[in-house]
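Protein chains in written order, with the working numbering: chain G, 29 to 305; chain P, 111 to 413; chain Z, 8 to 362. For glycine and all other residues, C-beta sits at the position ideal for the given N, C-alpha and C. Notes to accompany the following structure.
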Amino acid sequence: MSMTMTARSFAAPGAAARRRKGWSSLWLVLGGLYFFLPLLATFLFSLHGKKGALSFIAYAHVFRDPEFLHTFSFSLEMAVVTIAAGLALMIPTAIWVNLRLPRARALIEVFALLPFVIPPIVLVFGLIRMYSRPPVMLVTSPVLLIAGYVVLSFPYIFRSVDAGLRAIDLRVLTEAAQSLGARWSTTLFRVVLPNIRVSILSAAFLTFSIVVGELTLAVMLAWPAFGPYMALVGRDLAYEPAALAVISFLLTWGSLAVIQLASRGGRGQGPTAGGVH
Amino acid sequence: MADIGVMGEGARSAPLSLRDKRTPLRTWAGLAPFLLFALLFMILPAGVLLIGSFQDPQGRFTFVNLAHLLRPNILHSYLLTIEVSLVTAVGGGIFGFLLAYAVTLGGMPPGIRGFIVTFSGVASNFAGVPLAFAFIATLGRVGLVTTLLKSLLGISLYDSGFNLYSFWGLSFTYLYFQLPLMVLIIAPALDGMRREWREASENLGARSVQYWRHIALPILLPSLLSSVVLLFGNAFGAYATAYALTGGFINLVPIQIGAQIRGDVLHDPNLGYALALGMVVVMTLTILGYTVLQRRASRFTRS
Amino acid sequence: MAFLELIDVVKHFGRHTAVQGFSLSAREGELISFLGGSGCGKTTTLRMIAGFEVPTAGRILISGRDVVPVAPNRRGVGMVFQNYALFPNMTVARNIGFGLRVAGRPGSEISRRVDEMLELIHMSEFRERYPHQMSGGQQQRVALARALAIRPSVLLLDEPLSALDAKIRVRLRAEIRAIQRSLGITTIYVTHDQEEALSISDRIVVMKDGRIEQVGTPFEIYNRPATGFVASFIGSSNALRAVAVHPEQGTASVDGQEISAARPLPALAGQEVRLQIRPEAISLHNGVAHNNHLRGTLVNVVFLGSIVRLVVSTGGSELMLDMFNNPHLALPEVGSTVTVGFAPEACVPLEMKGE
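Here is the structure:
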């Protein structure tokens, strides 16, 4: 009967949701602009190598530069070795934690904070001071660089592998394998590893993207890596740096896309956030 | 046919069996490789720096290096680094929160969230040299946006005082990895905001503002604070981006340390150690703050 | 006079119709249950009354005023959610006082009302506790107090006890009913638990696929189900297979023995029908003249405590027959032939598959 209340009532329920959506769209658009403009600008900038016309000449310069190939393949090598070393170190550790010592997981998580508490610039400082005199002269050996890279990447490797092991219920699988008479090496290589393939792949690609673009360790330890090469190019040339940035971005994006696709097949195994700067 | 396998003594044999009751020491021995690695390449190097910061070049114990930290130049670089980290932490925190809100609770189509999260994963990795180049290509002196603004709108960025290679330019660049990191950290917390709390508050007569003031923000505050603290630490330790963008010409603590390592300045490694120590102290405080606030945040998700 | 009225309420979600043609009049002080399985539309209808969903068509009147255009925070209905939805950052007192606080009431009034509500739910010692320090049942009582504190004109409960243990559920539903009665507040109670609905409601609305199957008192719903769905949803019952003889007159035959259903059968002569009969409506050796009688074999005797259930096989069906336990009862032997009897009115034809 009386409709006086409706005059004071707020807009109907649908309107509140619409207002919320309006603001959300705004933040989304602003965020999108902030993130895509630099990417677009970099790409367009990289096409300005030739005066007057858009061309890929900057890319041609980059790919023809012998230093590019040299440093890129060096970083690639380092990445592969780091991945191998990191996996060889962390997979057994993760398996041990899952099977025998769940309490240690918290301890390892504390260690995983160290690369944050001791940023790469400080880490490399310490590594140099410690290993630049006898008896342990590692500072000229690539071992030190790789060790540094493993320090940077082991938290991600561990978390990825650990998540994968938890998803497959490691204990039950290994007990089943054992009851069927398998030795531990058989169990490891034929039962455990194949089932955490996706986690391993995920960890590998994340490590790859960390190592290839890394600057701090490489430049301080004076290695001809891709990061320092890019910095050098940036100092001297104008359009080639943009081309390198595009290439680097595609590599990173590509690696993470591979992880995303691969992890669609696995349970509980996927990429993690963060990186090195 | 059952292969009884390598059953025997020692922690290395049959490591996958649970039924043996190994003594705790033997069990911890399985972590030996990792612990050794951590010792050799994280703890000891840090220790060397720690000790070195209390020594003079002849190796005698001294507080001189710590006193040198109070030199105006050094103090200024700490302050500057703190400023940059604070600005990008709060800025990245606010805008990252808004973006995360938009894709979780904000009623956007479901596919958008996945895309933003994936992109955030990539963008939080896209730091260092390529990021610096990207921003130079965008907002550098002949960057795309700079020239567009001049040709289309007649606005000259650099004449009005903007400079990419300065505090604000650097901060703006840092946001590129701070913002996505915030999105990734805070999205789970936003997921934990139950729809029923909002409905219950509406049902009881509260307007949107009141809901945020009395319920949502109090619940989210610990997560927000802990994330901002993490972002602070993230920016404080950053070296590559600053180096690539400014060529080492900005007076941040990481840059100072880098200069010490290369002997670019007065060759005083012990000062470098003190700088490094100072940085580690800041980072430790950061991580402690983060952990404490995270514990408080999880109180609400338990109910 | 109807206090809460829903008139031809319809709700579409895209192409899916969640609620159709829903009309109901609730008197002041009534407790009406919406009862049905998942997806029957009961929660959607409740949320439309609360204002969290907007009806595609139809009107909802509270005290004569159409509330459909009114925002949910202005309707004066109190809602209790399935998982309590207590604000985790507030104590019990602040939770209960929240509605009054956002309305700008003075602190003293809020405090008094909170105390009143705590008394009502017998939880005064819990004033300063936080939700995570309480059990589910305690949290739900606080949620109820919170909804009542704002003196709503209608109280809405969305499966409030589903998340709780069975024993607590029984105790709490009696408490809720007692409070509701003492306050005389019109209440809509959504549940999928028919025992709950039967025990506390003034009237029950049985729903299926977005439609109302039947509205009635618990007694009516149980004893005079209007459709086969209602009959099979409520309580336990038998499904007796028979062949229709004279469908218009309601006679059918089970293994050659003729019975009467006292109402038309939904089948042609010679087709199979299924008749629903309550276990307590059947008895052994019934001597009542106009009752149906069937001969069958006793296949099982199940002792359920206060009820003894006999299972009799006849004409291809197994009938359950409930009788009160009596220590001096002399029951026939398993395997022996028995005669069971039931009234014609007790037979309700069940919908055939595909209808």
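Contact between the region 217-226 of chain G and the region 263-273 of chain G is absent, with fewer than three C-beta pairs closer than 8 Å. Taking 8 Å as the CB threshold, M258(G) lines the interface with chain P. About 6 Å separates the CB atoms of A33(Z) and F10(Z); that is less than 8 Å, so the two are in contact. One alpha carbon belongs to F91(G), the other to A231(G), and they sit about 28 Å apart.
Taking every protein chain shown into account, the CB of V232(P) has 16 or more other CB atoms within 10 angstroms, so this residue is buried. In this chain, the beta strand (DSSP E) harbouring V315(Z) covers 314-321. Within the same chain, L38, L162, Q187 come within 6 Å of T194(Z) by CB-CB distance, once the 5 residues on both sides are set aside. D165(Z) places its beta carbon less than 8 Å from that of L53(Z). Close CB contacts of M330(Z) within its chain, under the 6 Å cut and outside five residues either way in sequence, are with V315 (chain order). Listed along the chain, the chain P residues whose CB falls inside 7 Å of the CB of F133(Z) amount to none; the nearest CB is some 14 Å away. Taking a C-beta cut-off of 8 Å against chain P, the contacting residues of the region 62-81 of chain G are Y62, F63, L65, P66, L67, L68, A69, T70, L72, F73, S74, listed in chain order. Against chain P, the CB of N90(Z) has a partner CB under 8 Å away; the residue lies at that interface. Using a 10 angstroms sphere on the CB of K78(G), the tally of other CB atoms stays under 16, which defines it as exposed. Taking all protein chains shown into account, A238(Z) has 16 or more neighbouring C-beta atoms within 10 Å of its C-beta and is therefore buried.
For V239(G), there are no neighbours in chain P by C-beta distance under 8 Å, as the nearest C-beta there is about 12 Å away. Just so you know, the alpha carbons of P148(G) and L245(G) end up roughly 7 Å apart. Contact residues of the region 311-327 of chain P toward chain G are E312, R317, S318 (C-beta to C-beta distance below 9 Å). About 7 Å separates the CB atoms of V341(Z) and V306(Z); that is less than 8 Å, so the two are in contact.
Among the residues of the region 159-176 of chain P, those with a Cβ less than 7 Å away from any Cβ of chain G are L159, G162, in the order of the chain. One finds Y349 in chain P with Cβ atoms closer than 7 Å to the Cβ of P148(G), taken in chain order. The residue among L249(G), S283(G), F186(G) with its C-alpha nearest the C-alpha of V167(G) is L249(G). Linking R210(Z) to G71(Z) through their CA atoms gives a straight-line distance of about 21 Å. Taking a C-beta distance under 8 Å as the contact criterion, A156(Z) and I103(Z) qualify as a contact pair.
Between the alpha carbons of A253(G) and S266(P) lies a distance of about 38 Å.
Rounded to the nearest angstrom, the gap between the Cα atoms of I174(G) and S45(Z) is 58 Å. M303(P) has a beta carbon lying at 8 Å or more from every beta carbon in chain G. Using a Cβ-Cβ cut-off of 8 Å, M158(G) counts as an interface residue toward chain P, since at least one Cβ of chain P sits closer than that to its own. For L179(Z), the closest alpha carbon among the candidates E126(Z), V197(Z), R148(Z) is that of R148(Z). Cβ proximity to chain P below 7 Å picks out P269, A270, L272, A273, S276, F277, T280, W281 from the region 268-283 of chain G. Look at the region 64-86 of chain Z: the residues with a C-beta under 9 Å from a C-beta of chain P are A78, P79, N80, R81, R82, G83, V84, G85, M86.
Rounded to the nearest whole angstrom, the CA to CA distance from P225(Z) to D200(Z) is 13 Å.
Taking 8 Å as the upper bound for CB-CB distance, M158(G) and P155(P) are in contact here, some 5 Å apart. Using a CB distance below 9 Å, no part of the region 19-34 of chain Z faces chain P. The Cβ-Cβ distance between Q278(Z) and A251(Z) falls below 8 Å. The C-alpha of Q288(G) is placed about 28 Å away from the C-alpha of R304(P).
Under the DSSP assignment, I360(P) falls outside any alpha helix (DSSP H); it carries neither an H nor an E label.
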